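Visitor: Line order of the protein sequences matches chains A and B. Under our numbering, think of the first position of the first sequence as -7, with each following residue one higher. Under our numbering, think of the first position of the second sequence as -7, with each following residue one higher.
Number of protein chains: 2
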Amino acid sequence: MTNYFSSNFKLGILGGGQLGKMMLYSTRKFDITTYVMDSSDEAPCKIACNKFVKGNLMNYDDVYNFGKQVDVLTFEIENVNVDALEALEKEGKKVFPSSKTLRTIQNKATQKLFYRDHQIPTSDFTRFAYVSEIEDAIDNGGLEFPFVWKAAQFGYDGNGVKVVRQLSDLNNLPKGECITEDLIPFKNELAVIVARNETGETKTYPVVEMEFHPEANQVEYVICPARIEETVAKKATDISLKVSKAFNHVGLLAVEMFQTENDDILVNEVAPRPHNSGHQTIEASYTSQFEQHIRAILNLPLGQTESKVGGIMVNLVGAEGYTGDVVYEHIEDILKMNGVTPHIYGKKQTRPFRKMGHVTIVNEDLNKAREIAEVVKNTIKVISK
Amino acid sequence: MTNYFSSNFKLGILGGGQLGKMMLYSTRKFDITTYVMDSSDEAPCKIACNKFVKGNLMNYDDVYNFGKQVDVLTFEIENVNVDALEALEKEGKKVFPSSKTLRTIQNKATQKLFYRDHQIPTSDFTRFAYVSEIEDAIDNGGLEFPFVWKAAQFGYDGNGVKVVRQLSDLNNLPKGECITEDLIPFKNELAVIVARNETGETKTYPVVEMEFHPEANQVEYVICPARIEETVAKKATDISLKVSKAFNHVGLLAVEMFQTENDDILVNEVAPRPHNSGHQTIEASYTSQFEQHIRAILNLPLGQTESKVGGIMVNLVGAEGYTGDVVYEHIEDILKMNGVTPHIYGKKQTRPFRKMGHVTIVNEDLNKAREIAEVVKNTIKVISK
């Protein structure tokens, strides 16, 4: 049995952003030696890891050489060189989630095909090698407005996704591989985080509800548990487990879904790592998603996923019109509020819509938490000097 | 209003042990630049602070020069050079808790005199300059067995305290300044942590109960909330507030008390910092004591001190008979248990009774938590290779 704690064991995290930073909360708590690689000197992970390596996550050699230094390798972002991960696995290095899982997920087209191949419900879609092919499809009647355009690779956090209602909406889109999806009217956007360790022990977190900001396509409130019927929650959980099983995944898998007008569940996309919808678990759950991810990839027993209290998360994104050294205006006012705690990721520069932190609001009464969350949202502002 | 978050503001912590380490959980969460000073290269705080300074906490120059580098200075251990703190205060530096508070508390004799002077109930005591004076007092009938001997300075964690039942128990005690206290039969050992910021906003945590290990004089279980009557809890809280007010303290003040057979409350001693009895707040409370200490010393609004769930803490101390590179035997077995999470401080070497970490057990049902805590205690063992 490997001794992970206060030992010579080394965990490696590819990516030094806020997800990695919050993983470090757990590695510090457990005194697990952790190396982190990121290309930025100002990466939030730079403090609190045992060794910080500067490197390009998409570069084969950088990723390969980093992986050689550690015993178990994981990542906090999908944009890493997956060929290097595969090479490391072939040499017997433990990489979780696997390169196979990442390769499927990294490309939205292969991801959708994966769902289709495994009978996982998802919206109808078409794959295109070039955006220009979309225009052809519209011309010959194979594609109708409105639809959702998604870049096949490198979309993140609202970028790389667009609702197309007329031809001009296609202007200025990246030209390459993409998919179009049916625009499904939905009641709710939901997410379930599934945790699974190497042994196969599996646990799911309660279903969460995500309220989205219409223009920026970013989440405004994450609400846990989702305010939906038990039957719908069960359906969402079952489908998430099916996705997890299909991937044979190790670590966390966040499954984003739509609840249609008919209460059907359709998988939107997945992320093989801790997820924005799970940040509230730090304060609301018996086991934070970050600790859970660490437990899972080290094949330690999984922790309890029940909630202690209701939890709501509000993202802190850079306000429009402000770029520069960040100032969290009125943060002291939200610190007065019961059950409210902000997380500041440590990015020194703000710009419009940049994810700078989040605020979690916990309360035994979820409705009260939602009220307080709205006040929080209308109080704190991420501006610049 | 000072911008503490992602700014040029610098917080300084004297002492790099586990209390400082857990304060860093909060400074990392808030992205508050934090410097730490400790004499050991292997201090738990070395990772996760922005700058680690090696220095002697009892050395005037080391403490003074460290304090000059930061905007607000605090400490996680009482054994620091208090003259240097006083000099820094005179120059306008913010030091919390104050040098005045620390000076009174650092010496157990002056601490007891402080309670007497402020009509704070505490056991009767006598102050001695030398242990030899104790023998004289016994000879002339001024002091009777049994009594409690306490070194006036530098006692920590069971050392510097001894129950004296016969003359030979005085052998091998440090010779210098000390106090003797009446040995009070008590029902329970309790603690209340009081938080107070510069503005005077004050909050108290729920009363906790401490079950002690008879020989080692270390806490075995910390139970929150204490299983005592409401009237006793209120008395303990009121007395704690009285102590806090008398000190005019800023930051956290942990007040340790005895509940006598008559349900009277006597103050045993205080610690002007986060305290072992408050570790369970990380998982059980709406606001961890560490975040609370940071809020208080920065004059931020205090967080809610209510509990989300019942919480019990078990200390992880080095097992007898083992010295060397630490191994946490059976830690994977406790990770299976619901609501259980270990904290590993990061000390590489274990020795008998050394505080190496703690395990928190949370549960909605405190009795269930207590059962699980006992299993935890009988399962995990801190040994060496």
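Beta carbons are placed, not taken as given, at the ideal position from N, Cα and C, and that holds for glycine. For clarity, every value in this text was computed on a predicted model and none was experimentally measured.
Report, in whole angstroms, the separation of the C-beta atoms of LYS196(B) and LEU135(B), which I expect to be a contact under 8 angstroms.
Guide: In the sequence as presented, Lys is not what sits at residue 196(B); that position holds Thr. So it is not a contact: roughly 36 angstroms between Cβ atoms.
Visitor: Using CA atoms only, rank isn't needed, just tell me which of ASP63(B), TYR(-4)(B), LYS13(B) and ARG108(B) is closest to VAL259(B).
Guide: Out of ASP63(B), TYR(-4)(B), LYS13(B) and ARG108(B), ARG108(B) has the C-alpha closest to the C-alpha of VAL259(B).
Visitor: Whole alpha helix (DSSP H) runs in the stretch 256 to 301 of chain A with 4 or more residues, listed along the chain?
Guide: The stretch 256 to 301 of chain A contains these whole alpha helix (DSSP H) runs: 273 to 276 and 281 to 289.
Visitor: Step through the CB atoms of chain B and report whether any lies within less than 8 angstroms of the CB of GLU203(A).
Guide: No, GLU203(A) lies away from the interface with chain B (no Cβ there is under 8 angstroms from its Cβ).
Visitor: Can you give me, in chain order, the residues of the stretch 289 to 310 of chain B that have a beta carbon less than 8 angstroms from any beta carbon in chain A?
Guide: Going along the stretch 289 to 310 of chain B in chain order, one finds LEU292, PRO293, GLY295, GLN296, LYS300 and VAL301 with a Cβ nearer than 8 angstroms to chain A.
Visitor: Are ASN71(A) and PHE146(A) touching if we call contact CB-CB under 8 angstroms?
Guide: Yes, they are a contact pair.
Visitor: In chain order, what residues of the same chain lie with their CB nearer than 6 angstroms to the CB of VAL184(A), ignoring the 5 residues before and after it?
Guide: Cβ neighbours of VAL184(A) beyond the five flanking positions: THR196, VAL199, ALA228, THR229, SER232 and VAL247.
Visitor: Against ALA40(A), what residues of chain B qualify as contacts under a CB-to-CB distance less than 7 angstroms, listed in chain order?
Guide: Neighbours of ALA40(A) on chain B, chain order: ARG20, ILE39 and ALA40.
Visitor: Would you list, in chain order, the members of the stretch 44 to 71 of chain A that have their beta-carbon closer than 7 angstroms to a beta-carbon of chain B?
Guide: Per Cβ criterion, the list is empty.
Visitor: May I ask you to report which of helix, strand or coil DSSP gives TYR381(B)?
Guide: Nothing can be reported for residue 381(B): it is not among the residues displayed for chain B, which extend from -7 to 377.
Visitor: Where DSSP assigns a beta bridge to GLU181(A), which residues make up the other side?
Guide: In the DSSP output, where bridge partners are listed per residue, GLU181(A) has MET202(A) and PHE250(A).
Visitor: So with Cβ pairs under 8 angstroms, would you call PHE282(A) a contact of chain B?
Guide: It does not; no Cβ of chain B falls within 8 angstroms.
Visitor: Can you list, in chain order, the residues of its chain with a C-beta nearer than 7 angstroms to that of GLY310(B)? Leave out the 5 residues immediately preceding and following it.
Guide: Cβ within range, chain order: THR342, ARG343, PRO344, PHE345, ARG346, MET348 and VAL374.
Visitor: Roughly how far, in whole angstroms, is the beta-carbon of LEU175(B) from the beta-carbon of VAL140(B), given that I think they are within contact range, below 8 angstroms?
Guide: About 5 angstroms; that satisfies the 8 angstroms criterion.
Visitor: Assign HIS271(B) to one of two classes, buried (16 or more other C-beta atoms within 10 Å of its C-beta) or exposed (fewer than that).
Guide: When all chains shown are included, HIS271(B) counts as buried.
Visitor: Just to check my reading of the structure: GLU169(A) and ALA121(A) have Cβ atoms closer than 8 angstroms, yes? What is that Cβ distance to the nearest angstrom?
Guide: That belief holds up - the Cβ atoms of GLU169(A) and ALA121(A) are roughly 6 angstroms apart, short of 8 angstroms.
Visitor: Compute the Euclidean distance between the alpha carbons of GLY403(B) and ASP30(B), then round it to the nearest angstrom.
Guide: Absent from the structure is residue 403(B), since the part of chain B shown begins at -7 and ends at 377.
Visitor: What residue from THR273(A), LEU245(A) and THR252(A) has the CA that sits closest to VAL214(A)'s CA?
Guide: Among THR273(A), LEU245(A) and THR252(A), the Cα nearest to that of VAL214(A) is on THR273(A).
Visitor: Using the Cβ count rule (16 or more neighbours within 10 Å means buried), how would you classify GLY295(B)?
Guide: GLY295(B) comes out buried.
Visitor: State yes or no: is the beta carbon of TYR197(A) nearer than 8 angstroms to at least one beta carbon in chain B?
Guide: Not closer than 8 angstroms to any Cβ of chain B, the Cβ of TYR197(A) fails to qualify, so no.
Visitor: Run through the DSSP bridge pairs and tell me what ALA376(B) is partnered with.
Guide: Note on identity: in this sequence residue 376(B) is Ser, with Ala being the wrong assignment. SER376(B) is bridged to VAL318(B).
Visitor: Tell me, which residues are paired with ILE353(A) by DSSP?
Guide: Answer by DSSP bridge pairing, in chain order: ILE304(A) and VAL332(A).
Visitor: Within a Cβ cutoff of 6 angstroms, which residues of the same chain sit near ASP116(A), ignoring the five residues on either side of it in sequence?
Guide: So the list reads ASP174, once near-sequence residues are dropped.
Visitor: Nearest by alpha-carbon distance to GLU253(A): which of VAL156(A), VAL351(A), ASN180(A) and LEU105(A) is it?
Guide: Considering only alpha carbons, the answer is ASN180(A).
Visitor: Using DSSP bridges, identify the partner residues of THR118(A).
Guide: Partner(s): THR172(A).
Visitor: Report the option in ASN330(B), LYS100(B), GLU68(B) and LYS2(B) whose CA atom is closest to the CA atom of ARG119(B).
Guide: Taking only the C-alpha atoms, the option nearest ARG119(B) is LYS100(B).
Visitor: Using a 10 Å radius around the Cβ and a threshold of 16 neighbouring Cβ atoms, would you call GLY338(A) buried or exposed?
Guide: GLY338(A) is buried by the Cβ-count criterion.
Visitor: Can you tell me the Cα-Cα spacing of ILE372(A) and GLU222(B), whole angstroms?
Guide: Computed Cα separation, rounded: 39 angstroms.
Visitor: Taking 8 angstroms as the threshold (beta carbon to beta carbon), is VAL354(B) in contact with chain A?
Guide: Judged by the 8 angstroms Cβ criterion, VAL354(B) is in contact with chain A.
Visitor: Please list the partners that GLY331(A) has in chain B, where partner means a Cβ-to-Cβ separation under 8 angstroms.
Guide: Within chain B, the residues near GLY331(A) are TYR278 and GLN296.
Visitor: Should the stretch 15 to 26 of chain A be called in touch with the stretch 280 to 297 of chain A, which here means at least 3 C-beta pairs below 8 angstroms?
Guide: Result yes; three or more Cβ-Cβ pairs closer than 8 angstroms.
Visitor: Does ASP357(B) pass the burial test, meaning 16 or more other C-beta atoms within 10 Å, or should it be called exposed?
Guide: It counts as exposed.
Visitor: Between LEU245(A) and LYS104(B), what straight-line distance do the alpha-carbon atoms span, to the nearest angstrom?
Guide: For LEU245(A) and LYS104(B), the distance between alpha carbons rounds to 57 angstroms.
Visitor: How about THR93(A) and HIS205(A): are their beta carbons less than 8 angstroms apart?
Guide: No, these two residues do not count as a Cβ contact at 8 angstroms.
Visitor: Is there a C-beta anywhere in chain B that falls below 8 angstroms from the one on ASP128(A)?
Guide: No - not a single Cβ of chain B is within 8 angstroms of the one on ASP128(A).
Visitor: Anything in chain A within Cβ reach of LYS340(B), meaning under 8 angstroms, just list it in chain order.
Guide: Neighbours of LYS340(B) on chain A, chain order: SER(-2).
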